[in-house]
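Okay, so here's the structure we're looking at.
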Amino acid sequence: MKPRVHNRAPFRLLILLVALTMLAAACSSSGDSGEGDGSGDTTTTAASSGGETTTTAASGGSETTTTAAEATGPKVLKVATTANITTWDPVKSFSTEALYLANIYEGLLRINPPDAAEQFTPLLAESWEASEDGLTWTFNLRSGVVFHDGAPMDAAAVKASIDAVKERGGAGFIWAPVDSIEVVDGLTVQFNLSYSAPMELIAGSTYGAWIVSPNALEAAAADDTYFETGVEAGTGPWVLESYTPDTEILLTQFTEYWGGWDGERSDKVLLSIVPEAVQQQQMLEGGQVDLATRLPLEATAEFADRDGYTVVNETSWFNYLAYFNTLRPPLDNPKVRQALSMAIPYDDVIAVGPLGLATQARGPVPKGVWPYSESTPQYTQDLEAARTLLEEAGLADGFSLRLTYAAENEIEGRFAPVLQAAFAEIGVDLQVEAIGFGQQWEEAKSDPANAQDMFVVLYWPTYADAGTDNLWSLFRSSEAPFFNLSYWNNPTYDKLIDDAGALTVTDPDESFRLYGEAQTLLVDEAPGVFFFDADAVYVVPDHVSGFDYNMNYPFSLFFYPMTAG
Amino acid sequence: MRRLEFVITRFGSTLMVLLGVTVITFLLARTVPTDPAALFLGPRARPEEIAKVAEQMGLNDPLPVQYVNYMKELVQGDLGNSISTKRPVLDEIFARLPATLELLFAGMTTAIIVGILIGVFSARWKDKPIDWGGRALAILGVSIPAFFLGMLFQIVFFRWLGWFPLGGRTSVDLRFTSPITDVTGFLVFDALITGNWEGFKDALWHLFLPAMVLAAFPAGLIARMVRATMSDVLSLDYIRTARAYGQSENLIAFKLALKNAIGPAIAVIGLSFAYALTGSFFVEIIYTWPGLGQLTVNALLNLDYPLIMGVTLLGAIAYIAVNFIVDIVQAQLDPRVSLDD
Amino acid sequence: MTDRVHSDGTETDAAATQPGSFRQVVAVFTRDRMATAGLIIVILFYLIALFAPILAPYPDEGAGKPNASALTQPPSAENIMGTDQLGRDVLSRIIIGARPTLLVPLVVVALAILVGAPLGAIAGFRGGWVDTVIMRTTDLFLSFPSLLLAIAITAALGRGLFNAALALVISWWPWYTRLVRGVAVSVRQSDFVEAAEAIGLTKMQIVRKHILPNSVTPIVVQATIDLGIVIIAMGGLAFLGLGTQPPSPDWGLMISEGRSVLLSSWWVATFPGIAIFIVVFCFNVIGDALRDVFDPRTRR
Amino acid sequence: MTKLLEINDLSIEFDSGAERNRAINNISITVDRGEIVGVVGESGCGKTITGLSVLRLLPDTASITSGNVRIDGDDVLSLSNKKLRALRGSKVAMIFQDPSTSLNPVFTVASQMRRVVKQHRDISSAETRRLMSERLEAVGLSDIDRVLAAYPHELSGGMKQRVMIAMALIGEPELLIADEPTTALDVTVQSQILALLMDIRDRFDLGIMLISHDLGVVSQVVDRVVVLYAGSVVERGPVPHFAEPEHPYTKGLIGSIPKSTTERGSLEPIEGTVPYDPGGIGGCVYASRCPDRMDVCLEAAPSLDAVGIGTAVACYLVGQR
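Protein chains in written order, with my numbering: chain A, 7 to 571; chain B, 12 to 352; chain C, 1064 to 1363; chain D, 14 to 334.
Structure, rendered in structure tokens:
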């Protein structure tokens, strides 16, 4: 676990010093005569030996003349993204890198958007079936698929990948129902479950369901940092050609991709990591990129009115909510929590936060995701009722609360002041504090008794089942808090959720009813505030074809069908 | 021999200061309110894992022991690992360093040239309109925060005039049309020496605004200093001698007096560098320049304190080094300077 | 040489600075019209900061209350500087934001002087190991770029206005220690301290009666210039998210917030930027005028 | 025939913001070829200003309100800048009081001399070198190569002044203005430099205006003396005249000079100081300090009246005799 620096480092520290020295010398001398060539040379050479992670430019590109490259150069799809790589390890991955990994790796199947004719698209599995009791699932794998490292994709690889995720994966919990995985034959794999669960949804998860080359898994088991420099071993259409941390990722066609490369396809995908929305806007407008994943909210409205752009606006899995710290007075009193929920002007929150591009949430289950129910109640602003409730709780004189939100989330930063102003109306003084999400979570998890009173979080289900994820992860009680950071403990709710979960496959209707009951109870008890489900908004220039947002993969765009004409 | 002695003594005291600097960064790193081990493992860690890592990181040792260990690792070039990326801090810093150095180099060179020119013109035409203009420019430079000037330039030169790009180091297309071969990490320079004209233009075009913004504050400082020292020098006897022997005012200002004035004025270059270094943080954010500044700002967001302290330490080292060099350059410029400090 | 360069990059030769009376400071403003104008503007801004809640057209919005019905509106009769992304009146935000932006740096510089000046006086007057210890410590702090040190300290202490201000005090006091030490050393060597010792004044009395009064003018000159720099530094910390926390207003923070709508709604970031520029410019003009008079190096 | 240098009725005022002070008041001085003229007076009496005015080197705050300065008949004050620069260092050269501040510390002797050559002569670098060596030898320096390569601070005071004189000789001047050239030097070096001035006067047929506060020193080398007090000429005449000076100021000046024959304690400094704004005084400029002051002295300034051949004194006492 202990991180190591490889042993060239002291040498490099020396070089850094030399480089800085030279820089300074060059600066000083240039003040004298404006000459600095000789020293500039040394400086830059020294400095560059530090930048070892910068992979060299497009292979062969530098040999050909520029004009030729322009004429016959590769067809490149250029995308500006904000997504950082927290890890290249597909087993551990549980974050924004899903955007890239989803194009490099594949799972057994993919879940289609709600409006599609078929519910699933088979990927590495050609077909699958479940036993009557939902406890045994058999997947028949596609033949002739190879990993990017040349290894064949087979049942053993599937078993190894999922076992690895179960053991050390970031999203390993999704496989919790799986008791054992059996390699039936080379291309048949069987999952034995300890309780019934919708295995298609799990196998189609955004996280923790990628099938990885056994060679890489072995290497990674031996060396923790195996993947970190930008190594991959998937079966997907794209191979990672180069990676410059925090700067860019270049994907290139995997020529042996089982899906083939017929039809209009891009040769390469260049992903520029551009954290700034304004910058992405400029690049999109200037034609430097074909697609931008994050634009200033204000700008999307402008794009909708302009020729040459289509604004894709779809419901998404992004559910904004805030936990109340139910361990501590006065928030241990449900009346206070209800009063606060009633004090919020939800329309204003939506108008200011996501600029209207959202719908008020019904509990923590995003619209369009199982087991979302239109019958789950919602709060509406009623200051009178809120004040009355506070009076009943003996808190008519008000109190103060501390709210934290993720500094990196622009939308939260925008609506937090709306909450502050609204709470002031009922005499509650709300301190809002922007901190890094990691810090925020750390604070809530490590010391519940002293944690923030309110914790704004953007949550989305790990796979297309908000019952086993959102409802369970966010509010079911547990000993060590993980994501249930309201620390709410309601046995009735716990039982409803557990029962509903077990019936998902075998009796979906009953499961839905029980989930519904749980959601109503949840909203009524208000261990959290449920703000809105944000829309996924993309501005797609007309010259880009094949763009298709799949709400089941909220962080991923699939570049295989996309071209920039 | 005395010159060498001077350098050695000066170097010795510099080393002492460096040692003190490490104490400060070490203590700051230990002041961080959250548990470093928990922070390192991230939110998903189990308590027993955290305890194990805390043990491995030596967090249970007494502070002096921790400091000694910190120093042991430091001299091996180990500044610890970044919390957010898990990669060695030094690797992260080196990956970003060339971009920042290129920006600093361009900014400081511009600042020094422009600053000296403004200062000399101001002093040469003291109390004339040129002087008023020069002084106004100098005060302007030190009065506009880099983070505002950067945005102002974006509005004017990108939005209104369309002359320069909004940010970034190169156009995205460049890597396909005429990729710059990495030689030194200074893109403008690399493109030039590899004869990549398109790449050179593109990189320079992107470098221009950030470098100008970065240069503003140091240029103002240098201009004010040069004006002051030049004014002093211009009133001295030997300048009158030069006049008495028919030397032209321009020769006097730009050569005879400047060589005298530049020594004391150079003292401010170390300080300008300090401002440019922190200024580069803001410039990098505003112009999405992929350098140390962006790295640090992300680190601030994630409370990635090994990275923050690494950057702080290197910043201090750079500053100390620059001051060291400034002292020596000053000594070189002025034959009279006695070197026994 | 480097030792004498000050935090604003000018050389104030403390030892040679005349111990000027406050009357001389006043005289500067009666003579120099630019400085007078600067002073008036600065005072005006501070008055605005003091009476902010009364002056702001929309005090609630200024303090952070969003207005969902008027998001990012361009300047108009109701909002002469437009509104920001949360629909808040930019002018009101600037006026309310003048408090943390202008008053906190005042406190920061005052505290830096309060900490730094006595230490400098003691170091310069006592000499010996006391001097060595104090000045080595000073050197240590000064070997960091000040703002970088402030950033690191704030990162360690945690973000927020208080911590940011504290970090700036920690980064800035050594400048005053160095300044006052210079004065102290020159005063110690002067005759009247000998005389004072002869008539039996204690060292503390000498420090209080001779060294500190003689330091007032250089400190005033330096503080004027430093105020501009500290305002920029505070703004920088706020811009980085380390200073004032939203939704409280602060000019640096407002500029930072305005960045995401820079291209479509320039007014959100531009007006606070102009405000910060004007104040700092005025401080620099005043500082320059004072230095011209009190610093013999640049005096004609 | 026109004189080499003619200063006629020159008045100079200083403008220090609020007030204007007349520093030089209608003075006239001439210097001819082959002649050394001493300009003598206390510090602050306007000697240096007079010297500088010849080359129009006055500071920006000074302005000439009347009179003219002619070199070989040409009016210096109306010369174009270009012609003025051509004049400086060639026809008229100047050496200054303190050789250690008058040479640029960061350039070598060779570099500073070469620049003067370049300014006035179009000759090859080898010839330049030869010329520089020749002049340095002419001022009595040896080890020429070392001197040329040296920075000013590496030379002694006397050597520096010799270098200054050599530099002055480069442009083959006809007039040399020497402003207190020996004041900053040791006594032994002083006389060497003075001897050198006489020597070069003879060899180059120079006219020299020697400015000094020390009448005793001056009288050893000059042909004529002009005594300045508070911006006015109070007495002038050939050296022998000053064995018995007539103006009370000149007498005082001699009284305050230490001589080898003077006994200890018999030095008599002149009481008081030079008035700040002599132009604003109605009567005799010296009246405030004069031991022989009369009522008339305060009413109107005495005129500078001839008392002999080439001799003139501005004092009412002289008229009464």
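Even for Gly, the Cβ is constructed at its ideal location relative to N, Cα and C.
Keep in mind it's a predicted model, so treat the numbers as computed, not measured.
Chain-ordered neighbours of residue i on chain D, where CB pairs are closer than 9 Å
| i | result |
| --- | --- |
| Lys270 of chain B | Asn117, Val119 and Phe120 |
Residue-level contact to chain B via CB, residue i, 9 Å cutoff
| i | result |
| --- | --- |
| Val129 of chain D | yes |
| Glu254 of chain A | yes |
| Lys84 of chain A | yes |
| Ala1215 of chain C | yes |
Residues near residue i by beta carbon distance below 6 Å, same chain, minus five either side
| i | result |
| --- | --- |
| Pro275 of chain B | Thr240 |
| Ile319 of chain B | Ala310 |
| Thr241 of chain A | Glu112, Val151, Phe153 and Met159 |
Residue i in three-state terms, based on DSSP
| i | result |
| --- | --- |
| Ala413 of chain A | coil |
| Pro370 of chain A | coil |
| Thr392 of chain D | Lying before the first or after the last residue shown, residue 392 of chain D is absent from chain D, which here runs from 14 to 334. |
| Leu228 of chain D | helix |
| Glu55 of chain D | coil |
| Glu150 of chain D | helix |
| Ser551 of chain A | strand |
| Ile37 of chain D | strand |
| Arg408 of chain A | strand |
| Lys97 of chain B | coil |
| Tyr315 of chain A | strand |
| Ala300 of chain D | coil |
Close-in-space but distant-in-sequence residues of the same chain around residue i (CB under 7 Å, 5 per side omitted)
| i | result |
| --- | --- |
| Asn71 of chain B | Ala65 |
| Val337 of chain B | Ile277, Ala278, Ile280 and Gly281 |
| Phe265 of chain B | Val131 |
Beta-carbon neighbours of residue i, restricted to chain A and to distances below 9 Å
| i | result |
| --- | --- |
| Phe158 of chain B | Going along chain A, no residue has its Cβ under 9 Å from Phe158 of chain B, so there is no contact; the nearest lies around 14 Å. |
Minimum Cβ-Cβ distance from residue i to chain C less than 9 Å
| i | result |
| --- | --- |
| Asn334 of chain B | yes |
| Asp229 of chain A | no |
| Leu172 of chain B | no |
Cβ of residue i within 9 Å of any chain D Cβ
| i | result |
| --- | --- |
| Asp248 of chain B | yes |
| Ser133 of chain B | no |
| Gly274 of chain B | yes |
Proximal chain C residues relative to residue i, where beta-carbon distance stays under 7 Å
| i | result |
| --- | --- |
| Gly419 of chain A | Pro1309 |
Chain B contact residues for residue i, given Cβ-Cβ distances below 8 Å
| i | result |
| --- | --- |
| Thr74 of chain D | The premise fails here: Thr74 of chain D is roughly 11 Å from chain B at the closest Cβ pair, so nothing lies under 8 Å. |
| Asp111 of chain D | Asp248 |
Nearest neighbour of residue i, chosen from the options [CA to CA]
| i | options | result |
| --- | --- | --- |
| Ala1230 of chain C | C:Gly1221, C:Ala1213 and C:Arg1241 | C:Ala1213 |
| Tyr1 of chain A | A:Asp539, A:Tyr263, A:Tyr521 and A:Glu247 | Residue coverage of chain A in this structure runs from 7 to 571, which leaves residue 1 of chain A outside it and unanswerable. |
| Tyr316 of chain B | B:Ile297, B:Asn92 and B:Tyr78 | B:Asn92 |
| Ile208 of chain A | A:Arg116, A:Leu257 and A:Thr87 | A:Arg116 |
Closer than 7 Å at the beta carbon, the chain B residues around residue i
| i | result |
| --- | --- |
| Val1348 of chain C | Ile150 |
| Val1343 of chain C | Ser154 |
Residue-chain proximity (residue i, chain A), Cβ-Cβ < 9 Å
| i | result |
| --- | --- |
| Asp1194 of chain C | no |
| Thr96 of chain B | yes |
| Ser182 of chain B | yes |
Contact set between residue i and chain C, taken where Cβ atoms lie within less than 8 Å
| i | result |
| --- | --- |
| Gln258 of chain B | Simply none; closest approach about 22 Å. |
Per-residue contacts from residue i into chain B (C-beta, under 9 Å)
| i | result |
| --- | --- |
| Pro80 of chain A | Phe187 |
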